[in-house]
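For reference, the structure discussed in these notes is given below.
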Amino acid sequence: MASKNILEVQDLNVHYGASHALHNICFEVKEGHLLALMGRNGAGKTTTLMTLSGLLKSTSGAFRLRGSNLEHKSPEFIAKNGVRLVPQGRRLFASLSVLENLMVGEQKIERRALWTKERVYEMFPVLRVKKNQRASTLSGGEQQMLAIGRALMGNPEVLLLDEPSEGLAPIILEEVNQSIAKLKDEGLSIILVEQNFSTAKSLADDFVILNAGLVACVASADQIKLNPELATQHLGIS
Ligand SMILES: Nc1ncnc2c1ncn2[C@@H]1O[C@H](COP(=O)(O)OP(=O)(O)O)[C@@H](O)[C@H]1O
Ligand SMILES: [Mg+2]
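The numbers in numbering that gives the first Met the number 0 rise by one with no breaks, and the one at position 103 of the sequence shown is 102.
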């Protein structure tokens with residue numbers, strides 16, 4: 000059975016001043032799927048996620064969550080309606096404790112009240128151990144877990160992950176990737192920006208590849224596995 004689209008991005012254009020960063024971007028996220036958003040540095044991945052979370056305003060186009068257009072809504076409105084960003088570089092509150100960072104993200108929503116701090120601690124036990132420590136004292140991997148946990152505390156329907164693996168040691172990377180797989184298995188819809196092609200292939204149902212602010216390729220994971228060059232020609236890898 001074909002799944003429904005939870006998020007639809009249609010003809011999105013974004014400018015930084017006179018510089019045209021995203022050109023008529025179109026793609027869809029199916030409910031419960033993980034979409035890998037890939038592309039070389041500067042392709043427009045972060046710009047896309049920032050726009051979908053309301054932190055950047057598009058110049059034209061639309062993006063719809065379950066059919067309702069969120070373009071030009073505030074970041075607060077978008078977060079409240081179920082789209083949460085885990086930003087590139089994590090952006091934690093360095094001087095707040097682990098627990099305080101989690102509670103900043105808290106949003107109780109009756110119809111999908113899945114996430115509590117207890118559930119975040121079950122997913123990332125190290126956060127329970129360090130709950131009273133300042134975020135700045137955590138390792139890179141622990142900070143990434145906290146950034147994901149903070150977003151989950153908002154009970155999102157769509158989670159936007161901007162390079163969660165950036166700068167992580169291999170062993171912690173594996174743990175973070177396993178938690179992303181688990182979130183997908185629980186039915187969360189996810190857009191994952193990921194530089195590593197084999198990680199993306201192991202996690203994603205669908206691929207969107209950006210090249211210089213344009214959608215260069217939209218493909219299913221099966222299509223990419225059969226014809227990896229659909230992706231690799233735009234990624235600078237072979
Ligand atoms: N704040 C900004 N002001 C002007 N140009 C920007 C800004 N942020 C990003 N850009 C430009 O927009 C393009 C896309 O950047 P970005 O979305 O960060 O790419 P990616 O995340 O794929 O590496 C790049 O050419 C980048 O230089
Ligand atoms: Mg980026």
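From the three backbone atoms N, C-alpha and C, an ideal C-beta is built for every residue, glycine too.
These numbers were taken from a predicted model, which means no experiment stands behind them.
Check: Residues of its chain near S219, where Cβ-Cβ distance is below 8 Å and the 5 sequence neighbours each way are ignored; Outcome: D204, D205, F206
Check: Under 7 Å, CB to nearest heavy atom of ligand 2: contacting residues; Outcome: K44, T45, Q87, D161, E162, V192
Check: Where N40 falls: helix, strand or coil (DSSP); Outcome: coil
Check: Exposed unless 16 or more other CB atoms sit within 10 angstroms - verdict on L240; Outcome: Any answer about residue 240 is impossible in this case: the structure gives the chain only from 0 up to 237.
Check: With 16 other Cβ atoms within 10 Å as the buried cut-off, status of F26; Outcome: buried
Check: Distance, A168 Cα to T45 Cα; Outcome: 22 Å
Check: Proximity test, G41 beta-carbon vs ligand 4 heavy atom, cut-off 6 Å; Outcome: Here the bound small molecules are ligand 1 and ligand 2; ligand 4 is not part of this structure.
Check: Three-state class that DSSP yields for N96 in the structure shown; Outcome: Sequence inspection shows Ser at residue 96; the Asn mentioned does not correspond to that position. In the structure shown, S96 sits in a strand (DSSP, three-state: E or B).
Check: Cβ shell of L33 (< 7 Å), same chain only, five flanking positions each side left out; Outcome: K183, I189, L191, L202, A203, D204
Check: Span of the beta strand (DSSP E) around Q270; Outcome: Outside the displayed range of the chain (0 to 237) lies residue 270, so it cannot be described from this structure.
Check: Element boundaries [beta strand (DSSP E), containing I236]; Outcome: Per DSSP, I236 belongs to no beta strand (DSSP E) and is neither H nor E.
Check: For S59 and G166, the rounded distance between their alpha carbons; Outcome: 34 Å
Check: Near ligand 1: A20 beta-carbon under 6 Å from a heavy atom; Outcome: yes
Check: Element boundaries [alpha helix (DSSP H), containing E75]; Outcome: 74–79
Check: Candidates K79, A93, D161, of which the one nearest G153 by Cα; Outcome: K79
Check: Supposed contact pair V97 and A150 - C-beta distance, whole angstroms, cut 8 Å; Outcome: With 8 Å as the limit, A150 and V97 do not qualify as a contact, their Cβ atoms being about 14 Å apart.
Check: Rounded straight-line distance, which links the Cα of L158 to that of S197; Outcome: 21 Å
Check: Sequence-distant residues of the same chain with beta carbon closer than 6 Å to E7, five excluded per side; Outcome: E27, R63
Check: Residues that N68 bridges to, as DSSP identifies them; Outcome: R63
Check: Beta-carbon gap between V119 and G148 smaller than 7 Å; Outcome: yes
Check: Burial state of M102, where buried means 16 or more other Cβ atoms lie within 10 Å; Outcome: exposed
Check: Check: Y15 C-beta below 6 Å from any heavy atom of ligand 1; Outcome: yes
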